[in-house]
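Each remark here refers to the structure printed beneath this line.
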Amino acid sequence: PPAYSKTFQGPPHGIQVERDKLNKYGRPLLGCTIKPKLGLSAKNYGRAVYECLRGGLDFTKDDENVNSQPFMRWRDRFVFVAEALYKAQAETGEIKGHYLNATAGTCEEMMKRAQFARELGVPIVMHDYLTGGFTANTSLASYCRDNGLLLHIHRAMHAVIDRQKNHGIHFRVLAKALRMSGGDHIHAGTVVGKLEGERQVTLGFVDLLRDDYIEKDRSRGIYFTQDWVSMPGVLPVASGGIHVWHMPALTEI
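Residues are numbered in the numbering used here as their position in the sequence shown, beginning at 1, plus a constant of 64.
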């Protein structure tokens, strides 16, 4: 209900402000995750980021497992990625981004990483909101709002919660909670690819993330009319096992 949702700040910036920051309108934003996800040194990782962004992508992304391992400490990765970002931006004339994973073992460490990202001047950081927890996520969202950082949300661990039919929590509920807690993007699965979901249900929670007012429609899994009362929308990210052959179906959806 609006009386409850109004007690939350919601996304740090929202869809419209993000497009204004990036100066990209009228089309989907295209990004990819750097693979292999584990094993690259920070310098090689930065090179891969540069090649992807220089090749035409808007964003690249840390995988949820890429955190601060012995072969690539987080601070080294942040520095090399920022260098790649600036080089690609200078050569293309476009604003580029890389989702730097700020998820950490403590809230203080997470904020330290977000602050370092801001000092480097990168536009966006990333958080695993279910493993980090809603309290940590709301703190990070508040920091991002105050400091002009976009916040990408990864839903690592969601399948343990939302695929349990008897006593799980449906992703629709987790997505609504995230919109209140705060995030500018969240992985919403796809109807094609690896993280498949039922078409109507997936489109239902995509609307719940993005739109301002959503009518009740049980066929799409929306059991209550939802009025977000001008809370900014979250950009649903179609992710997981997508390759070139999926693109026509994806754009049609």
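Glycine included, each C-beta is placed from N, C-alpha and C at the ideal position.
| task | Following the continuous beta strand (DSSP E) through phenylalanine 123, name the residue where it begins and the one where it ends. | result | 123-125
| request: Measure the alpha-carbon distance for threonine 124 versus cysteine 96 and round it to whole angstroms. | output: If you take the alpha carbons of threonine 124 and cysteine 96, they lie about 5 Å apart.
| message | Are the CB atoms of leucine 194 and alanine 220 within a distance shorter than 8 Å? | response | Cβ atoms of alanine 220 and leucine 194: closer than 8 Å.
| said: Short of 8 Å in beta carbon distance, which residues of its chain neighbour leucine 94, apart from the five on each side in sequence? Order them along the chain. | reply: Gly120, Leu121, Asp122, Phe123
| message | So, does the stretch 196-208 touch the stretch 99-113, judging by three or more C-beta pairs under 8 Å? | response | no
| query | With a CB to CB cut of under 6 Å and the five nearest residues on each side skipped, what residues in its chain are close to valine 189? | reply | Leu164, Ala166, Ala178, Ala181, Leu213
| task | May I ask you to report which of helix, strand or coil DSSP gives glutamine 73? | result | Note: glutamine 73 maps to coil in three-state DSSP.
| message | With H, G and I counted as helix, E and B as strand and the rest as coil, what does DSSP make of aspartate 275? | response | coil
| request: Can you say whether aspartate 226 is buried or exposed, counting buried as having 16 or more other CB atoms within 10 angstroms of its CB? | output: Classification for aspartate 226: buried.
| message | In whole angstroms, give me the CA-to-CA distance for serine 132 and aspartate 276. | response | When rounded, the distance between both Cα atoms is 38 Å.
| Relative to the C-alpha of glycine 196, which residue among Arg263, Met174, Leu273 is closest? | Met174
| query | Is threonine 254 buried or exposed, if buried means 16 or more other CB atoms sit within 10 Å of its CB? | reply | buried
| Which of helix, strand or coil DSSP assigns to proline 296 | coil
| query | Taking isoleucine 184 as the reference, which of His191, Thr170, Tyr150 has the closest Cα? | reply | Position check: residue 184 holds leucine in this sequence, whereas isoleucine was assumed. Of the candidates His191, Thr170, Tyr150, the one whose C-alpha sits nearest the C-alpha of leucine 184 is Tyr150.
| Cα-Cα separation between histidine 216 and glycine 161, rounded to whole angstroms | 11 Å
| Taking buried to mean at least 16 other C-beta atoms within 10 Å of its own C-beta, is alanine 308 buried or exposed? | Contrary to the premise, residue 308 reads as valine rather than alanine in this sequence. Its Cβ having fewer than 16 others within 10 Å, valine 308 is exposed.
| field | Status (buried if at least 16 other CB within 10 Å, exposed otherwise) for serine 245 | value | buried
| field | Identity of the residue in Ala146, Phe72, Arg282 nearest proline 296 by Cα | value | Restricting attention to Ala146, Phe72, Arg282, the CA atom closest to the CA of proline 296 is found in Phe72.
| said: Assuming glutamate 82 and aspartate 248 are in contact, meaning their beta carbons sit under 8 Å apart, how far apart are those beta carbons, in whole angstroms? | reply: Contact annotation, glutamate 82 with aspartate 248: C-beta distance approximately 6 Å; criterion of less than 8 Å satisfied.
| Thinking C-alpha only, which one of Lys107, Leu86, Lys240 is nearest tryptophan 292? | Lys240
| task | Let me know the beta strand (DSSP E) ranges lying completely inside the stretch 178-215, each 3 residues or longer, listed in chain order. | result | If you keep only unbroken beta strand (DSSP E) runs of at least 3 residues inside the stretch 178-215, you get 188-192.
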